[in-house]
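One structure is given here, and the rest of the page talks about it.
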Amino acid sequence: MSRARSRLATAVGFALLEHARNRFALVLVVFYIPLWLTLEHWFVTSDPATFLLRATGARLTVDGGHLTMVSGAVNTVTLIVGFMMFMTTFKSLAFDTRLVLAGYPRFHLLIAKVVAMTLAAGLIAGYATAVVCYYWDPVQPDLLAIGLFTAAVAYGGIGILLGAFLRSELAGMFVIIMVSLLDTMLQNPISNPAASKDGVNLLPEYGPTQVSVAAGFTHSVPWEQLLLGPLWFAGAWLLGTAAFHLRTRDHRQVLRTAAARV
Numbered sequence: 424m425s426r427a428r429s430r431l432a433t434a435v436g437f438a439l440l441e442h443a444r445n446r447f448a449l450v451l452v453v454f455y456i457p458l459w460l461t462l463e464h465w466f467v468t469s470d471p472a473t474f475l476l477r478a479t480g481a482r483l484t485v486d487g488g489h490l491t492m493v494s495g496a497v498n499t500v501t502l503i504v505g506f507m508m509f510m511t512t513f514k515s516l517a518f519d520t521r522l523v524l525a526g527y528p529r530f531h532l533l534i535a536k537v538v539a540m541t542l543a544a545g546l547i548a549g550y551a552t553a554v555v556c557y558y559w560d561p562v563q564p565d566l567l568a569i570g571l572f573t574a575a576v577a578y579g580g581i582g583i584l585l586g587a588f589l590r591s592e593l594a595g596m597f598v599i600i601m602v603s604l605l606d607t608m609l610q611n612p613i614s615n616p617a618a619s620k621d622g623v624n625l626l627p628e629y630g631p632t633q634v635s636v637a638a639g640f641t642h643s644v645p646w647e648q649l650l651l652g653p654l655w656f657a658g659a660w661l662l663g664t665a666a667f668h669l670r671t672r673d674h675r676q677v678l679r680t681a682a683a684r685v
């Protein structure tokens, strides 16, 4: 194995270990997802809900409880993956800084976080899809899993950005929770009858929600919306990369350079 591959494999191992040590996140995955979706199944009305699915341009009338369950699944995966990526980036930042100062490539550390996030997002999206399928039969369960995966990826990128940018653990958790809840509320036609208006398409959950709803109730595949979640991830990851470089730079070298200029 080449030196670069060995370094990347080591970094991926550390990133996966960080996730495995986050017991609170594991509890959320195992218990929160089925609990939240079960409560929605029990208490949300099954009255018909009519709305415009912008991804296809079709006006649908569907079971309101099932629609809310799709929205709830999107919300749970975004909260959990966003929280996981924020915590692993935030808590490992001091260790990552020491590794960088010792000569470890930043690129390997950042790619390792992406690999770990992708694995976690895939597992969590699949688990959430399985819980949804326990209560009812979506038209395209595979596409539903993909839609939930893109939602998880989008908020995973946001979690990396916040973990590299913010200096307070509480602030990061608050931002992720509030953004995810507001985003979900605005995308759900039941909680927001104006969900089909312009503006909501600029939010992170728009593409994943459109894909997930199309998967649940139609035979259509909204290809353009499938790309929006990964695009959100890419933008957040690039900003997070810049913040990571600033947070892990050698401040002693900066001070020596400034002193030399004086």
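The sequence shown begins at 424 in my numbering and counts up by one. Backbone N, C-alpha and C define an ideal beta-carbon position, used for all residues, glycine too.
Distances from the CA of D621 to each of L609, P528, I613 and E592 were compared; the closest alpha carbon is that of L609. With respect to the 8 Å criterion, T641 and T479 are classified as neighbours on the basis of their beta carbons.
The region 590-639 is shown to contain no whole beta strand (DSSP E) run of 3 or more residues. Taking a contact to require three or more Cβ pairs closer than 8 Å, the region 575-585 and the region 437-451 do not qualify as touching.
A straight-line Cα-Cα distance of about 32 Å links I547 and R426. Its Cα nearest to that of P561, the residue T491 stands out among V537, Y527, T491 and S429.
Around the beta carbon of L605, fewer than 16 other beta carbons sit within 10 angstroms, so the residue counts as exposed.
F509 places its beta carbon 8 Å or farther from that of G545.
In this structure, T664 places its C-beta atom within 8 Å of the C-beta atom of L533.
Rounded to whole angstroms, the separation of the alpha carbons of G570 and P564 is 10 Å. Using a 10 angstroms sphere on the CB of R482, the tally of other CB atoms stays under 16, which defines it as exposed.
Proximity to T461 across V555, V644 and L661 peaks at V555, based on C-alpha coordinates.
For F474, the enclosing beta strand (DSSP E) begins and ends at P471 to L476. Its chain contains P471 and T473 as the residues whose beta carbon lies nearer than 6 Å to that of T484, once the 5 sequence neighbours on both sides are disregarded; these appear in chain order. Note on geometry: alpha-carbon atoms of G487 and A638 lie some 15 Å from one another.
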